[in-house]
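190 is the number of the first residue of the sequence shown in the numbering used here; add one for each residue after it.
Structure, as C-alpha coordinates:
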Amino acid sequence: MGKRARAFEVKYASVLGTLVYELEGEIHESLRFTYRDLKRWGYDLVKGTRDGRPAHFLVEEEERHKAGDAYEEAGESFAIDQVLDALPEESRLLGRIEMIDGTAWLALALDGGEGEQELWRVPAAELLLYYLSREGLHELLAALDNVGTRTGLIRSRGQIGKALPHHALPRSFVNFLREARKLGREIGDSRITLACFGENKEGRQRYKLGWTLSTLALFDRNRAEKIDRLLGALG
(Lines of atoms letter the chains of each structure in order from A and count residues from 1; the text may use other names and numbers.)
(Lines give C-alpha, C1' and ligand atoms only; values in the text may rest on other atoms or scores of the structure.)
Protein backbone atom coordinates (compact mmCIF):
# COMPACT_ATOMS: atom_id res chain seq x y z
CA MET A 1 0.00 0.00 0.00
CA GLY A 2 1.41 3.39 -1.02
CA LYS A 3 1.85 6.34 1.34
CA ARG A 4 -1.12 8.22 -0.10
CA ALA A 5 -3.38 5.20 0.20
CA ARG A 6 -2.22 4.59 3.76
CA ALA A 7 -2.73 8.25 4.71
CA PHE A 8 -6.23 8.17 3.22
CA GLU A 9 -7.05 4.97 5.09
CA VAL A 10 -5.98 6.50 8.41
CA LYS A 11 -7.90 9.71 7.68
CA TYR A 12 -10.96 7.69 6.63
CA ALA A 13 -10.94 5.69 9.86
CA SER A 14 -10.45 8.83 11.95
CA VAL A 15 -13.30 10.79 10.33
CA LEU A 16 -15.74 7.89 10.42
CA GLY A 17 -14.84 7.08 14.00
CA THR A 18 -15.08 10.63 15.36
CA LEU A 19 -17.92 10.85 17.86
CA VAL A 20 -20.07 13.99 17.81
CA TYR A 21 -22.20 15.16 20.74
CA GLU A 22 -24.34 18.18 19.91
CA LEU A 23 -26.66 20.22 22.04
CA GLU A 24 -28.36 22.74 19.80
CA GLY A 25 -29.85 25.62 21.71
CA GLU A 26 -29.75 29.36 22.08
CA ILE A 27 -26.85 30.88 23.93
CA HIS A 28 -27.57 33.85 26.18
CA GLU A 29 -27.35 37.16 24.35
CA SER A 30 -26.03 38.73 27.54
CA LEU A 31 -24.80 37.61 30.93
CA ARG A 32 -24.69 39.38 34.26
CA PHE A 33 -21.25 39.85 35.80
CA THR A 34 -19.90 41.26 39.05
CA TYR A 35 -17.48 43.93 40.19
CA ARG A 36 -15.13 41.11 41.13
CA ASP A 37 -15.20 39.89 37.52
CA LEU A 38 -13.99 43.32 36.39
CA LYS A 39 -11.04 43.04 38.75
CA ARG A 40 -10.22 39.55 37.45
CA TRP A 41 -10.17 41.00 33.95
CA GLY A 42 -7.76 43.72 35.07
CA TYR A 43 -10.10 46.73 35.11
CA ASP A 44 -11.05 49.51 37.51
CA LEU A 45 -14.55 50.96 37.38
CA VAL A 46 -14.51 54.74 37.57
CA LYS A 47 -16.98 57.60 37.72
CA GLY A 48 -16.27 60.82 35.88
CA THR A 49 -16.93 62.49 32.54
CA ARG A 50 -16.62 61.20 29.00
CA ASP A 51 -16.43 63.93 26.39
CA GLY A 52 -17.77 66.30 29.04
CA ARG A 53 -20.80 64.18 29.98
CA PRO A 54 -21.21 62.35 33.33
CA ALA A 55 -20.39 58.69 32.83
CA HIS A 56 -19.03 55.49 34.24
CA PHE A 57 -16.26 53.77 32.30
CA LEU A 58 -13.38 51.33 32.71
CA VAL A 59 -9.64 51.84 32.92
CA GLU A 60 -6.92 49.22 33.05
CA GLU A 61 -5.79 48.83 36.64
CA GLU A 62 -2.16 48.64 35.47
CA GLU A 63 -2.44 52.29 34.47
CA ARG A 64 -3.08 53.16 38.15
CA HIS A 65 -5.45 56.03 37.42
CA LYS A 66 -6.73 58.09 40.36
CA ALA A 67 -9.28 60.80 41.02
CA GLY A 68 -8.37 63.99 39.19
CA ASP A 69 -6.70 62.28 36.23
CA ALA A 70 -7.69 63.33 32.72
CA TYR A 71 -6.65 61.79 29.42
CA GLU A 72 -7.67 61.21 25.82
CA GLU A 73 -8.14 57.87 24.10
CA ALA A 74 -9.47 56.93 20.66
CA GLY A 75 -10.58 60.51 20.04
CA GLU A 76 -12.52 60.82 23.32
CA SER A 77 -11.65 62.83 26.43
CA PHE A 78 -11.98 61.28 29.88
CA ALA A 79 -11.81 62.79 33.38
CA ILE A 80 -11.88 60.69 36.54
CA ASP A 81 -13.76 61.89 39.62
CA GLN A 82 -13.72 58.65 41.61
CA VAL A 83 -12.32 55.12 41.38
CA LEU A 84 -15.15 52.89 42.63
CA ASP A 85 -14.82 49.83 44.85
CA ALA A 86 -18.26 48.41 43.97
CA LEU A 87 -20.94 48.66 41.32
CA PRO A 88 -23.29 51.63 41.73
CA GLU A 89 -26.36 50.82 43.81
CA GLU A 90 -29.32 49.28 41.97
CA SER A 91 -27.20 48.60 38.89
CA ARG A 92 -26.22 45.47 37.00
CA LEU A 93 -23.08 44.79 34.98
CA LEU A 94 -24.00 43.16 31.67
CA GLY A 95 -21.76 41.70 29.00
CA ARG A 96 -22.52 40.61 25.44
CA ILE A 97 -20.50 39.49 22.45
CA GLU A 98 -20.65 41.63 19.32
CA MET A 99 -19.14 40.52 16.02
CA ILE A 100 -17.48 43.22 13.91
CA ASP A 101 -15.70 42.28 10.67
CA GLY A 102 -14.96 38.78 11.92
CA THR A 103 -13.71 39.84 15.36
CA ALA A 104 -15.58 39.18 18.60
CA TRP A 105 -15.81 42.09 21.04
CA LEU A 106 -16.93 41.90 24.65
CA ALA A 107 -19.25 44.88 25.16
CA LEU A 108 -19.83 45.81 28.80
CA ALA A 109 -22.62 48.04 30.08
CA LEU A 110 -24.20 49.19 33.34
CA ASP A 111 -27.95 48.80 33.61
CA GLY A 112 -29.39 51.03 36.30
CA GLY A 113 -33.02 50.42 35.46
CA GLU A 114 -33.30 53.39 33.11
CA GLY A 115 -31.49 51.92 30.15
CA GLU A 116 -27.96 50.67 29.61
CA GLN A 117 -24.86 52.84 29.76
CA GLU A 118 -21.96 51.50 27.72
CA LEU A 119 -18.78 51.10 29.76
CA TRP A 120 -16.22 49.65 27.39
CA ARG A 121 -15.50 47.30 24.51
CA VAL A 122 -12.51 45.03 24.24
CA PRO A 123 -11.54 42.25 21.80
CA ALA A 124 -12.89 39.10 23.46
CA ALA A 125 -9.95 36.90 22.46
CA GLU A 126 -7.44 39.42 23.80
CA LEU A 127 -9.20 39.63 27.16
CA LEU A 128 -9.66 35.86 27.38
CA LEU A 129 -5.94 35.26 26.85
CA TYR A 130 -5.05 37.79 29.56
CA TYR A 131 -7.70 36.66 32.04
CA LEU A 132 -7.12 32.90 31.69
CA SER A 133 -3.38 33.37 32.11
CA ARG A 134 -3.81 35.66 35.12
CA GLU A 135 -6.23 33.21 36.78
CA GLY A 136 -3.94 30.24 36.18
CA LEU A 137 -6.44 28.38 33.98
CA HIS A 138 -3.66 26.96 31.83
CA GLU A 139 -5.48 23.89 30.46
CA LEU A 140 -8.25 26.06 29.05
CA LEU A 141 -5.75 28.63 27.83
CA ALA A 142 -3.77 25.97 25.95
CA ALA A 143 -6.93 24.60 24.29
CA LEU A 144 -8.15 28.02 23.09
CA ASP A 145 -8.27 28.00 19.28
CA ASN A 146 -10.77 30.58 17.98
CA VAL A 147 -13.17 33.11 19.51
CA GLY A 148 -16.50 34.34 18.14
CA THR A 149 -19.93 34.30 19.77
CA ARG A 150 -18.84 30.73 20.42
CA THR A 151 -15.31 29.67 21.26
CA GLY A 152 -13.56 26.67 19.77
CA LEU A 153 -11.31 24.58 22.00
CA ILE A 154 -8.91 21.96 20.61
CA ARG A 155 -6.85 19.39 22.49
CA SER A 156 -4.99 16.35 21.18
CA ARG A 157 -2.23 13.85 21.87
CA GLY A 158 -0.40 11.37 19.66
CA GLN A 159 -0.99 10.01 16.19
CA ILE A 160 -4.45 9.46 14.80
CA GLY A 161 -5.66 5.99 13.91
CA LYS A 162 -8.77 3.88 14.18
CA ALA A 163 -11.04 5.52 16.72
CA LEU A 164 -12.77 3.64 19.51
CA PRO A 165 -16.59 3.42 19.52
CA HIS A 166 -18.50 5.09 22.34
CA HIS A 167 -18.98 1.87 24.33
CA ALA A 168 -15.22 1.23 24.34
CA LEU A 169 -14.12 4.68 25.55
CA PRO A 170 -11.79 4.72 28.59
CA ARG A 171 -13.41 5.74 31.87
CA SER A 172 -11.69 9.15 31.89
CA PHE A 173 -13.36 10.08 28.59
CA VAL A 174 -16.75 8.76 29.69
CA ASN A 175 -16.49 10.96 32.79
CA PHE A 176 -15.41 13.92 30.68
CA LEU A 177 -18.36 13.54 28.33
CA ARG A 178 -20.85 13.25 31.16
CA GLU A 179 -19.65 16.40 32.90
CA ALA A 180 -19.04 18.38 29.70
CA ARG A 181 -22.52 17.62 28.36
CA LYS A 182 -24.02 18.56 31.72
CA LEU A 183 -22.19 21.88 31.57
CA GLY A 184 -23.38 22.35 27.99
CA ARG A 185 -26.98 22.00 29.11
CA GLU A 186 -26.41 24.67 31.76
CA ILE A 187 -24.90 27.03 29.19
CA GLY A 188 -27.53 26.25 26.57
CA ASP A 189 -25.38 25.23 23.62
CA SER A 190 -22.42 22.89 23.11
CA ARG A 191 -20.72 20.73 20.49
CA ILE A 192 -18.10 18.11 21.32
CA THR A 193 -16.14 16.04 18.81
CA LEU A 194 -14.00 13.21 20.16
CA ALA A 195 -11.83 10.56 18.59
CA CYS A 196 -9.96 8.30 21.02
CA PHE A 197 -7.32 6.07 19.41
CA GLY A 198 -6.17 3.96 22.35
CA GLU A 199 -2.92 4.02 24.31
CA ASN A 200 0.54 4.90 23.06
CA LYS A 201 3.72 3.04 24.02
CA GLU A 202 3.87 4.94 27.32
CA GLY A 203 0.35 3.86 28.22
CA ARG A 204 -1.18 7.31 27.65
CA GLN A 205 -4.35 7.76 25.62
CA ARG A 206 -4.11 9.16 22.10
CA TYR A 207 -7.03 11.37 21.21
CA LYS A 208 -8.33 14.39 19.35
CA LEU A 209 -10.93 16.61 21.03
CA GLY A 210 -12.88 19.61 19.79
CA TRP A 211 -15.27 21.55 22.01
CA THR A 212 -17.36 24.55 21.01
CA LEU A 213 -19.33 26.55 23.55
CA SER A 214 -20.53 30.04 24.42
CA THR A 215 -17.75 32.62 24.67
CA LEU A 216 -19.62 34.55 27.36
CA ALA A 217 -19.61 31.41 29.53
CA LEU A 218 -15.80 31.47 29.58
CA PHE A 219 -15.85 34.87 31.27
CA ASP A 220 -17.79 33.27 34.15
CA ARG A 221 -15.00 32.27 36.55
CA ASN A 222 -16.81 29.23 37.97
CA ARG A 223 -17.61 27.79 34.56
CA ALA A 224 -14.15 28.52 33.21
CA GLU A 225 -12.65 26.70 36.19
CA LYS A 226 -14.89 23.66 35.54
CA ILE A 227 -13.83 23.57 31.89
CA ASP A 228 -10.17 23.89 32.86
CA ARG A 229 -10.52 21.03 35.34
CA LEU A 230 -12.32 18.78 32.84
CA LEU A 231 -9.63 19.34 30.21
CA GLY A 232 -6.88 18.71 32.74
CA ALA A 233 -8.43 15.39 33.77
CA LEU A 234 -7.85 14.05 30.25
CA GLY A 235 -4.10 14.28 30.80
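The C-beta atom is built at its ideal place from N, Cα and C for all residues, glycine as well.
| Asked | Found |
| --- | --- |
| With DSSP collapsed to three states, give me the class of R253. | coil |
| Could you give the residue range of the alpha helix (DSSP H) that holds F362? | R360 to I376 |
| Which whole-angstrom value is the C-beta distance of A384 and A352, which I expect to be below 8 Å? | 4 Å |
| Would you mind sorting G284 into buried or exposed? The rule is 16 or more other CB atoms within 10 Å of its CB. | buried |
| If you reduce the DSSP assignment to three classes, tell me which class T338 lands in. | coil |
| Looking only at its own chain, which residues have a Cβ that is under 6 Å from the Cβ of A314, when we skip the five neighbours before and after it? | V336 |
| Suppose only complete runs of 3+ residues qualify. What are the beta strand (DSSP E) ranges in the stretch 281 to 352, listed by chain order? | 281 to 289, 292 to 300, 305 to 312, 333 to 336 and 339 to 346 |
| For the candidate residues T207, R193 and G191, whose alpha-carbon lies nearest to that of G350? | T207 |
| Can you tell which of S266, S219, R225 and D226 has its C-alpha closest to the C-alpha of G237? | S266 |
| Anyone know if the C-beta pair for L330 and E368 falls short of 8 Å? | no |
| Excluding sequence positions up to five away, which residues of its chain have a Cβ less than 6 Å from the Cβ of Y224? | A275 and L276 |
| Taking only three categories from DSSP, how would you classify D240? | coil |
| Taking DSSP as the reference, what is the three-state secondary structure of R221? | strand |
| Taking A263 as part of the beta strand (DSSP E), name the residues at either end of that continuous run. | Run containing A263: none; DSSP gives neither H nor E here. |
| Taking all protein chains shown into account, decide if L205 is buried (16 or more other Cβ within 10 angstroms of its Cβ) or exposed. | exposed |
| To the nearest angstrom, report how far apart A416 and V248 are at their CA atoms. | A quick correction: the sequence has Ile, not Ala, at residue 416. So the alpha carbons of these two residues sit roughly 29 Å apart. |
| I'd like to know if the stretch 340 to 348 and the stretch 381 to 400 are in contact, where contact means that at least 3 CB-CB pairs between them fall below 8 Å. | yes |
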